[in-house]
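Student:
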Amino acid sequence: MIDHIKSPQSLITKKLEESFLKNESLTIKSNGTHEIEIKKSRFICTMARIENEDQAKNIIAKVSKDNAKANHNCFAYMLGDDDHIQRESDNGEPSGTAGVPILEVLKMNQLHNVLAVVTRYFSGIKLGAGGLIRAYSNATSTTIDSLGIVKLVNKQEIKLTIEYNQFDKLKYFLEQASIPIEATNYTDKIEVVIAVSKQDFEPLITQITNLLSDQFSYKKGEWKMFEVPYSREARQKDEDN
Numbered sequence: 001m002i003d004h005i006k007s008p009q010s011l012i013t014k015k016l017e018e019s020f021l022k023n024e025s026l027t028i029k030s031n032g033t034h035e036i037e038i039k040k041s042r043f044i045c046t047m048a049r050i051e052n053e054d055q056a057k058n059i060i061a062k063v064s065k066d067n068a069k070a071n072h073n074c075f076a077y078m079l080g081d082d083d084h085i086q087r088e089s090d091n092g093e094p095s096g097t098a099g100v101p102i103l104e105v106l107k108m109n110q111l112h113n114v115l116a117v118v119t120r121y122f123s124g125i126k127l128g129a130g131g132l133i134r135a136y137s138n139a140t141s142t143t144i145d146s147l148g149i150v151k152l153v154n155k156q157e158i159k160l161t162i163e164y165n166q167f168d169k170l171k172y173f174l175e176q177a178s179i180p181i182e183a184t185n186y187t188d189k190i191e192v193v194i195a196v197s198k199q200d201f202e203p204l205i206t207q208i209t210n211l212l213s214d215q216f217s218y219k220k221g222e223w224k225m226f227e228v229p230y231s232r233e234a235r236q237k238d239e240d241n
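Numbering follows full-length UniProt numbering, with no gaps: position 162 of the sequence shown is 162.
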């Protein structure tokens with residue numbers, strides 16, 4: 001197994017600072033497996049979200065046990081807010097033909113805290129180094145396509161207290177801004193609960209202040225992680241920006 005661990009100096013970077021401000025990352029929509037066949041060899045990719053290395057090792061051990069008759073169980077994963085832990089293994093395949101290609105696909109898709117294990121049942125037909133690299137890359141990328149990608153966004157609950165005659169106006173504004181109402185409580189006034197990311201909080205409060213002529217109050221609640229659908233088109237837009 002080869003470990004890719006960034007130096008401590010590289011941890012304090014502009015990119016890392018921006019990631020803390022954005023409070024968001026990409027991951028797979030759900031855990032699962034997907035299989036492809038290349039020249040009669042079976043490549044079965046198992047992907048899972050992980051929170052720590054012990055969890056990653058346990059999943060690798062289980063997949064290897066469940067596929068004890070397989071020729072290879074190669075893997076790669078990245079961990080940490082800045083992906084400072086990166087590990088990969090060729091598990092008996094020629095050096096650099098399995099673990100690294102799997103890891104590179106995870107990087108290319110900007111997936112964080114994700115493990116990919118690719119199991120190979122060898123058919124007897126050799127693929128060559130280039131063929132193996134393409135096979136392990138394709139097994140990983142097609143599994144990502146099969147499972148889907150979501151954006152994890154850290155948002156804080158905000159409880160807005162408004163008058164009854166303000167509700168329709170606020171509701172319409174939130175709908176236009178694509179901000180879902182998490183909960184609505186009715187007493188002598190209406191309490192509307194929404195969730196907002198750190199960078200959106202001040203601009204949103206300013207807009208609501210102008211909308212309601214400052215005739216409302218708000219209270220900050222707890223932080224929660226929300227899953228937002230994420231498409232290739234959205235990723236391309238992020239890259240262009």
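Note that CB positions come from ideal geometry on N, CA and C, so glycine has one too.
1. Go ahead and pull the three-state DSSP assignment for N154.
2. Could you check if A195 is buried or exposed, using at least 16 other CB atoms within 10 Å of its CB as the buried criterion?
3. On a CA-only basis, which of I149, I28, E93 is nearest R120? Give me that one, please.
4. What are the start and end residues of the alpha helix (DSSP H) that includes K169?
5. Just curious, the alpha helix (DSSP H) that S146 is in, first and last residue?
6. I'd like the span of the beta strand (DSSP E) that includes Q86, first residue to last.
7. Hey, out of G80, T161, S178, Q166, whose CA is closest to K219's CA?
8. If you count every other CB in all the chains shown that lies within 10 Å of the CB of A177, and 16 or more means buried, which is it?
9. Cα separation between L21 and I133?
10. Going by DSSP in three states, I60 sits in which element: helix, strand or coil?
11. Determine the burial state of G99: buried for a count of at least 16 other Cβ atoms within 10 Å of its Cβ, exposed for fewer.
12. Going by DSSP, which residues form a beta bridge with Y230?
13. By alpha-carbon positions, which one of E163, A183, E51, S137 ends up nearest to E157?
Tutor: Taking the structure as given:
1. strand
2. Buried, since its Cβ has 16 or more Cβ neighbours within 10 Å.
3. E93
4. 167 to 176
5. 128 to 147
6. Membership of Q86 in the beta strand (DSSP E) is indicated by the continuous run 85 to 89.
7. T161
8. exposed
9. Unreliable placement is indicated for L21, whose pLDDT of 40 sits below 50; the coordinate value is still reported in the next sentence. Distance between the alpha carbons of L21 and I133 is about 36 Å.
10. helix
11. buried
12. Y230 is bridged to I149.
13. A183
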